[in-house]
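Peer 1: Questions regarding the structure given below will be posed in turn.
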Amino acid sequence: MTQTPISHESWIRAALEHYESKLIRYAWGITGSRELACDVVQDTFLKLCTAERAKVEGHLAPWLYTVCRNRAFDVRKKEGRMSVLDKEQSEARASDAPLPDTEAARGEDREAILGVLGNLPEQQQEIFKLKFEHGMTYREIAKVMEMPLSSVSATLTKALRTMRLRLNGQVNQAHVGLGGN
Amino acid sequence: MNSEYTPTEEELTAYVLGECDDIQTKAIETAVAAQAETAELLEAIRETVELSAGLYSAVSGEALSDEQRAEVTSAAENVVPLTPKRRTFTLAEGLVAVAVLGVVSSIVLPQVNNAIYKGGGEYTNEEMYIAQSPPEAVDTLDTDVRYDQNSEALAQDYTRLESEHQEQINKGGNISGRNPAQPSKSGAMLLAGPSANYQAPSTPAPEPNYGDGITFIENDAKSAEEPEEWLPEDELPSASAANNFEDVSKSKDDASRAKLKPQTKPATPAPVESFSVITGANTNLDAMKILPEGADGSGIKPYNQVAPKVEESIAVVVTSPPPAAGKPMQTARSYGRQEQLEKKVVSGNSTELYSIAPQQFVDVNGVARGGRGDSAGNAGNEDGRIMEFGFEVDNIEPRRLIASAPPQDIYRPVPKPQPVTPGTEAYDRIIENKFKRVAQAPLSTFSIDVDTASYSNMRRFLSQGQMPPVDSVRVEELINYFNYDYPQPKGEDPFIANIEVAAAPWNPQHKLVRVGLKGKDIVSEERPASNLVFLLDVSGSMSDHNKLPLVKQSIQMLTKQLTNRDRVAIVVYAGNSGLVLPSTPGNRHQDIVSALERLNAGGSTNGGAGIELAYRVASENFIKGGVNRVILATDGDFNVGNTSRGGLVSQIESSAKSGVFLSVLGFGMGNLKDATMENLADKGNGNYAYIDTFHEAKKVLVDQMNGTLYTIAKDVKIQVEFNPNRIQSYRLIGYENRVLANRDFNDDTKDAGEIGAGHTVTALYELVPKGLSATMPQRGVDNLRYKAVQEEAIAKPQSDVAFSQELMTVKLRYKQPEGHTSKLLEFHVEDVNADYNESSKDFKFASAVAVFGMKLRNSPFAHHLSYDDVLKMAEGGMGHDLNGYRTEFTGLVRKAKSMNPQPVYYPEEVIR
Chain L
4 MTQTPISHES WIRAALEHYE SKLIRYAWGI TGSRELACDV VQDTFLKLCT AERAKVEGHL
64 APWLYTVCRN RAFDVRKKEG RMSVLDKEQS EARASDAPLP DTEAARGEDR EAILGVLGNL
124 PEQQQEIFKL KFEHGMTYRE IAKVMEMPLS SVSATLTKAL RTMRLRLNGQ VNQAHVGLGG
184 N
Chain Y
936 MNSEYTPTEE ELTAYVLGEC DDIQTKAIET AVAAQAETAE LLEAIRETVE LSAGLYSAVS
996 GEALSDEQRA EVTSAAENVV PLTPKRRTFT LAEGLVAVAV LGVVSSIVLP QVNNAIYKGG
1056 GEYTNEEMYI AQSPPEAVDT LDTDVRYDQN SEALAQDYTR LESEHQEQIN KGGNISGRNP
1116 AQPSKSGAML LAGPSANYQA PSTPAPEPNY GDGITFIEND AKSAEEPEEW LPEDELPSAS
1176 AANNFEDVSK SKDDASRAKL KPQTKPATPA PVESFSVITG ANTNLDAMKI LPEGADGSGI
1236 KPYNQVAPKV EESIAVVVTS PPPAAGKPMQ TARSYGRQEQ LEKKVVSGNS TELYSIAPQQ
1296 FVDVNGVARG GRGDSAGNAG NEDGRIMEFG FEVDNIEPRR LIASAPPQDI YRPVPKPQPV
1356 TPGTEAYDRI IENKFKRVAQ APLSTFSIDV DTASYSNMRR FLSQGQMPPV DSVRVEELIN
1416 YFNYDYPQPK GEDPFIANIE VAAAPWNPQH KLVRVGLKGK DIVSEERPAS NLVFLLDVSG
1476 SMSDHNKLPL VKQSIQMLTK QLTNRDRVAI VVYAGNSGLV LPSTPGNRHQ DIVSALERLN
1536 AGGSTNGGAG IELAYRVASE NFIKGGVNRV ILATDGDFNV GNTSRGGLVS QIESSAKSGV
1596 FLSVLGFGMG NLKDATMENL ADKGNGNYAY IDTFHEAKKV LVDQMNGTLY TIAKDVKIQV
1656 EFNPNRIQSY RLIGYENRVL ANRDFNDDTK DAGEIGAGHT VTALYELVPK GLSATMPQRG
1716 VDNLRYKAVQ EEAIAKPQSD VAFSQELMTV KLRYKQPEGH TSKLLEFHVE DVNADYNESS
1776 KDFKFASAVA VFGMKLRNSP FAHHLSYDDV LKMAEGGMGH DLNGYRTEFT GLVRKAKSMN
1836 PQPVYYPEEV IR
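Residue numbers (our numbering), protein chains in the order written: chain L, 4 to 184; chain Y, 936 to 1847.
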């Protein structure tokens, strides 16, 4: 009750301002197309318009990402361009979705790290992005990705380890560790 | 100790990303300070993390196209969800509504208003109490969609609405609504009662809307995008229970509504209540009586009932579960004419309608129980037949709940799942023991339980900032996590009972009996040779840092204490199982360690095959007179081979006959199958501990190694006989899944719990002394209709002993670890009328733990007790606390307290 009430309209507008760009980039990573990503994000916000605000408030970010993610996977499936893939399979495959960021790379590190990131399995990339690009906590990521907290932690560790080793020029030294299924 | 602990890379990563809790952070920092290698790794991780974070510091902004944005913003302007804006009133609706109001109001409104205003502050409280509708009743996320579907129907003429509504009523639809704090101000609210949830069986035809939060309960096929899917189905106590959003947002719910509404209609924030409307002829009243408990038995089913053509009465069943009782509080009342209720509902004047109910509620359950003709429903009852029923309700109940349950508290409890428990952890439902009358059940029999898993699991949840799932809390395991300073057994029996009676801290008129067992301790030098077979789950699910790596550390710790007399073997299982380390003398640490180091996690989990192999290895190396034990370390997720719990259990059960005992060490989280593991340990003559941290591993495997490994007595059963001349009723606290049939006590073929060297086992009984004023409600005990007769029967003198000071007799049965026949021990307990303050420290501490457990379980027995009460009790019982476990406990209580707002307190006499 302490918050000053803002109208539904401005609430949606504020959400749009704040998450539009992030969600497009997120959905882009999944659909592989900016155009589709925009459609997905539009749908997401339309959904938000009709959702019960009381239930979403306080969890806006995970709510948006979850809706957006599911929608994006739906769209991707429908488009049939990656028909072999579904959410489960995606983790096993290296993502060929372009990195949403099209800006010229600044510095070697950046280029190198983007290169390594692009070669990680898609699931790792997604978690990586949710963590670093979208600033989510493990718990939020677990919600959005619908996976156990511990797997989020393990997967992200794996992703960071691969990055670290590859960036240090140890590209070919396959790391033997836990979790090799 | 910390120098032994090397954080894994995953732990370090979590640490860098700020995902560790305080305890872990501290542990990692200590390790980093002490270990150069760890510090180096940490630095490398930090560097990568910084690089990664920097990657996105300056990304280009993306935006929707102008058209897309325009569409969204216009949608935001035009769609105001869950408010009645989009509903337009047709003239017909309006006219009929006004007409109906006219009819109804002349009959009903005076009483209604009376009900609303007369109650004053107390009324609001009642409302709070009523506000606990089961989460499924408030599933409103889909509502907007329904609006779309239904908007046409709304424009149709009233008769259709009425007929459809009729149909729903006939089907026993469930109406739930939010109860406004104030009566509505305008007639325009008629069809737009503030967030009334109308729940009825799905009808393919468009449904009329009676409120702005209308939901159709069974229509829970959710859009794929709805975040309800976040929780896997099997984690929800009920299929349509609250989702994550709801969990966290409950308390905000009303506030947000209040904010939202003024834009459209004058509306008021309101708690929720739910009604079931059931039709039935008066002749069916008996059936109605049963209905709330379980409709199936009665023949009247809330959802399936087909309405007879002519209805003479309607029962309104208010199903508002007490905040935590887990059992709905139900009250049924019949109305003389269906029409009348229906009109109220249809008129949508939910302000009035839903205001009636709480008042009725008070009437039925409160002091004025049975007072007729004083509530709105009665007023309109033309044929004057009014029936009232209360189920599982005692007079005081509503008040107590009011007193202890502020709105925030209301939403935490039982019926909904706890927040984010990622994965698929599985817990068996526990139904709390209730008071039993000594006259009806003079014997109470249960098996001891030395498991402690529930405590460490609870600790894991709390330190992650979550309340543990209710069914994961087993009160007896919480109590038994602690060591109590009971005297060592002398003589030949491997353990003795230590019984203490004092006033119950939560109710001085009740007595609390602590039955403590202390197993004989074994000096390390004297302990028998051990033949240990570690059975390790190395499936993919074990790769987390708090699973296999912790398993390895734990085993290393344990084996360091073994000597050349002992033998260790390691069997692993994943998709296949194999012997990683053949039985090896316990002092060959290097062999053991290097075998452990070779282990990696991966693949599926075929527990069955592994169990077989492990038991075979154990039998091949059986040490007569020694300790022969399989130690299973797993997260319990058996997904290949013999995966049925029943199958695994019977496999273990038959293996246990070979004299090989079992210890189950549960690890990890996310898909912890708590129930399976407890069951395995129970049937495998074993114990079950949950290991969440290095410290816990040390407690179970080093500090209490003797207790974990060396069973000194098996199949230990306790039977208590209460003296009916002293005790009116009793309640066993915890041990819900250990209760045995009375006849099983003397049946040596019935399996029961084991007690290890030095173990203490504690059970608490709450007793109600005989002759305590009948005005004291004994929750969970129905008042006996034929009380006088019964008591007379009891009062017949039996023997002198029956009239002695003896409260009860505690009988114990146990077998020697390799024995087959049991021995009986008997202890008679006399009442010394001790005050709680005079009780021992252990008594105080155990009762504090019990209350904490009850609170975590949302037990109605602990509703009037706060976390502060727990702290006070615990602090009175700290004792020396050499290991710091009790201090840790108080930390957990504070943590739980911080997560749960303090209940409002009413004077004691109100509570009791």
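C-beta: ideal position from N, C-alpha, C; glycine also.
1) Please compile the residues from chain L whose C-beta is within a distance smaller than 9 Å of the C-beta of Ile980 (chain Y).
2) Apart from the five residues on each side of it in sequence, which residues of its chain come closer than 8 Å, Cβ to Cβ, to Ala18 (chain L)?
3) Between Glu1360 (chain Y) and Asp1609 (chain Y), how many whole angstroms is the CB-CB distance? I'm expecting something under 8 Å.
4) Between Asn1793 (chain Y) and Val1405 (chain Y), is the Cβ-Cβ spacing less than 7 Å?
5) Can you tell me which of Y:Ser1518, Y:Thr1387 and Y:Ser1782 puts its alpha carbon nearest to the alpha carbon of Leu1856 (chain Y)?
6) Starting from Ser1382 (chain Y) and walking both ways along the alpha helix (DSSP H), at which residues does that stretch end?
7) Using a beta-carbon distance below 7 Å, is Ser1407 (chain Y) in contact with chain L?
8) Would you mind telling me which residues of chain Y sit closer than 9 Å to Ile116 (chain L), beta carbon to beta carbon, in chain order?
9) DSSP three-state call for Met1743 (chain Y): helix, strand or coil?
10) For Ser1664 (chain Y), name the three-state secondary structure that DSSP assigns.
11) Do Ile116 (chain L) and Leu990 (chain Y) have their CB atoms nearer than 7 Å?
12) Going along chain Y in order, which residues have a C-beta closer than 7 Å to the C-beta of Tyr22 (chain L)?
13) What does the alpha-carbon distance come out to for the pair Arg1500 (chain Y) and Arg1821 (chain Y)?
14) Between the Cα of Ala1624 (chain Y) and those of Y:Thr1643, Y:Val1637 and Y:Asp1638, spot the shortest distance and give me the residue it belongs to.
15) Near Asp1770 (chain Y), which residues of its chain fall below 8 Å by C-beta distance, leaving aside the five closest residues on each side in sequence?
16) Counting only C-beta atoms, is Gln127 (chain L) closer than 7 Å to chain Y at any point?
17) How is Val1767 (chain Y) classed by DSSP in three states: helix, strand or coil?
18) Distance check for Gly1619 (chain Y) and Pro1469 (chain Y), CA to CA, integer angstroms please.
19) Name the DSSP beta bridge partners of Ala1509 (chain Y), please?
20) If you draw a straight line from the alpha carbon of Ala1260 (chain Y) to that of Met1834 (chain Y), how long is it in whole angstroms?
21) Restricting to runs no shorter than 3 residues, where is the beta strand (DSSP E) found entirely within the region 1422-1500 of chain Y?
22) Assuming Val1651 (chain Y) and Ala1687 (chain Y) make a contact with CB atoms under 8 Å, what is their CB distance in whole Å?
23) Taking Cβ-Cβ distances shorter than 7 Å, what residues in chain L pair up with Glu944 (chain Y)?
24) Going by DSSP, name the residue or residues bridged to Glu149 (chain L).
25) Identify the contact partners of Ala75 (chain L) in chain A, using a Cβ-Cβ distance below 8 Å as the criterion.
26) For Val1385 (chain Y), which three-state DSSP category applies?
27) Going straight from the alpha carbon of Arg1021 (chain Y) to that of Cys41 (chain L), what length do you get?
28) Please confirm whether Gln1491 (chain Y) has its beta-carbon closer than 7 Å to some beta-carbon of chain L.
29) Do the CB positions of Val1565 (chain Y) and Ala1553 (chain Y) come within less than 7 Å of each other?
30) If we cut at 7 Å on Cβ distances, does Gln173 (chain L) have a partner in chain Y?
31) Taking just the CA atoms, how far does Lys1495 (chain Y) sit from Tyr940 (chain Y)?
32) Give me the Cβ distance between Gly1545 (chain Y) and Ser1512 (chain Y), rounded to the nearest whole Å; I'm assuming they're in contact under 8 Å.
33) Check distances from the C-beta atoms of the region 998-1014 of chain Y to those of chain L and list, in chain order, the residues that come in under 8 Å.
34) Within 7 Å of any Cβ in chain L, is that where the Cβ of Thr1695 (chain Y) sits?
35) Do Gly1691 (chain Y) and Tyr1645 (chain Y) have their C-beta atoms closer together than 7 Å?
36) Report yes or no: is there a C-beta of chain Y within less than 7 Å of the C-beta of Arg79 (chain L)?
Peer 2: The answer reads as follows:
1) Thr160, Leu163, Arg164 and Arg167
2) Phe48, Leu51, Leu63 and Leu67
3) 7 Å
4) yes
5) Since the first residue of chain Y shown is 936 and the last is 1847, residue 1856 (chain Y) is not available in this structure.
6) Element bounds for Ser1382 (chain Y): not the alpha helix (DSSP H) but the beta strand (DSSP E), Leu1378 to Ser1382.
7) no
8) Within 9 Å Cβ-Cβ: Thr983, Leu986, Ser987, Gly989 and Leu990.
9) strand
10) Here Ser1664 (chain Y) carries a strand assignment [DSSP, helix/strand/coil].
11) Cβ distance < 7 Å, so Ile116 (chain L) and Leu990 (chain Y) count as in contact.
12) Near Tyr22 (chain L) there are no residues of chain Y at all, since even the closest Cβ is about 11 Å away, more than 7 Å.
13) Rounded to the nearest angstrom, the gap between the Cα atoms of Arg1500 (chain Y) and Arg1821 (chain Y) is 35 Å.
14) Y:Thr1643
15) Ala1437, Ala1438 and Pro1443
16) no
17) coil
18) Contrary to the premise, residue 1469 (chain Y) reads as Phe rather than Pro in this sequence. The straight-line gap from Cα to Cα measures roughly 15 Å.
19) Ala1509 (chain Y) pairs with nothing; no bridge assigned.
20) With a pLDDT of only 37 at Ala1260 (chain Y), under 50, the local geometry of the prediction cannot be trusted, and the value read off the model is given with reservation. About 20 Å.
21) 1430-1439, 1442-1454 and 1465-1472
22) 6 Å
23) Thr160 and Arg164
24) Its beta-bridge partners do not exist; DSSP assigns none.
25) As a matter of chain content, chain A is missing from the structure shown, whose protein chains are L and Y.
26) It is coil, neither helix nor strand.
27) Because the pLDDT at Arg1021 (chain Y) is just 40, under 50, the model does not fix this residue reliably, and the value given afterwards should be weighed accordingly. Going by the C-alpha atoms only, they are around 28 Å apart.
28) Cβ-Cβ to chain L under 7 Å: no for Gln1491 (chain Y).
29) yes
30) Note on Gln173 (chain L): pLDDT 46, under 50, position unreliable in the model; no value is reported.
31) 15 Å
32) 4 Å
33) Answer in chain order: Ala998, Leu999, Ser1000, Gln1003, Arg1004, Glu1006, Val1007, Thr1008, Ala1010, Ala1011, Glu1012 and Val1014.
34) Not one chain L Cβ lies under 7 Å of Thr1695 (chain Y).
35) yes
36) no
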